[in-house]
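Colleague:
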Amino acid sequence: MGAVITNRCADDPSPDRADDRPTRAALQLLVDHMISEGVADLDRPHVLTITEGGHTYVSGPYADAQAALCALEDDRRANADVVGERSHRVTPLLPPFCPHLVERPADVDG
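Each residue of the sequence shown is one higher than the one before, starting from 372 at the first, in this note's numbering.
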């Protein structure tokens, strides 16, 4: 049997290093960030995607998640006779990410 080697050197990035495990505080910060981003998504513009018979329609953008959900309910009411054949999805509309437009830390004046 081979021996397990841990803490080989100070700059070893291997996952079996005991002192590199995230602390409870670091994990809590991560969870808090994920929750705050999820809540912030509710206030962003949203679109309503409706799929029916192999066709997809996009409605919106709506001011926020609540407005998109109201549009979803209006569509369900208006099309109650075909609701089994239609699927709905409300999705946040995020700004495009273009790496060439993001400032690099060296480009920022400080």
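Using N, Cα and C, we set each Cβ at its ideal position, and we do this for glycine too.
1. Assuming residue 417 and residue 428 are in contact, meaning their beta carbons sit under 8 Å apart, how far apart are those beta carbons, in whole angstroms?
2. Between the Cα of residue 435 and the Cα atoms of 401, 461, 465, 414, which residue gives the shortest distance?
3. Could I get the ranges of all uninterrupted beta strand (DSSP E) runs contained in the stretch 404-465, with 3 residues as the minimum, in chain order?
4. Which whole-angstrom value describes the C-beta separation of residue 422 and residue 457, a residue pair presumed to lie in contact below a C-beta threshold of 8 Å?
5. If you measure between the beta carbons of residue 438 and residue 430, is that distance less than 8 Å?
6. Secondary structure at residue 470, three-state DSSP: helix, strand or coil?
7. For residue 452, which residues from the same chain have a beta carbon less than 8 Å from its beta carbon, with the 5 sequence-adjacent residues on both sides left out?
8. When the Cα atoms are used, what is the spatial distance from residue 396 to residue 407?
9. Considering only the beta carbon of each residue, do residue 400 and residue 459 sit closer than 8 Å?
10. Closest to residue 461 by C-alpha separation, out of 426, 470, 472, 412, would be which residue?
Modeller: Reading it off the structure:
1. One-based indexing of the sequence shown puts residue 417 at position 46. One-based indexing of the sequence shown puts residue 428 at position 57. At roughly 15 Å, the Cβ-Cβ gap does not stay under 8 Å, so residue 417 and residue 428 are not in contact.
2. Against the sequence shown, residue 435 aligns to sequence position 64. The shortest Cα separation from residue 435 among 401, 461, 465, 414 belongs to 414.
3. Those beta strand (DSSP E) runs which fall completely within the stretch 404-465 and span 3+ residues are 417-423, 426-433, 457-463.
4. As a working note, residue 422 is residue 51 in the sequence shown. As a working note, residue 457 is residue 86 in the sequence shown. Their Cβ separation, rounded to whole angstroms, is 7 Å, which keeps residue 422 and residue 457 in contact under 8 Å.
5. Sequence index remark: in the sequence shown, residue 438 carries index 67 (1-based). Sequence index remark: in the sequence shown, residue 430 carries index 59 (1-based). At least 8 Å separates the beta-carbon of residue 438 from that of residue 430.
6. Position 99 of the sequence shown, counted from the start, is the residue given in the question as residue 470. Residue 470 sits in a helix when the DSSP states are folded into three classes.
7. By 1-based counting over the sequence shown, the position of residue 452 is 81. Cβ neighbours of residue 452 beyond the five flanking positions: none.
8. Position 25 of the sequence shown, counting from 1, holds the residue named residue 396. Position 36 of the sequence shown, counting from 1, holds the residue named residue 407. Approximately 16 Å between the Cα atoms of the pair.
9. Position 29 of the sequence shown holds residue 400. Position 88 of the sequence shown holds residue 459. Contact: no.
10. As a working note, residue 461 is residue 90 in the sequence shown. That would be 412, whose Cα lies nearest to the Cα of residue 461.
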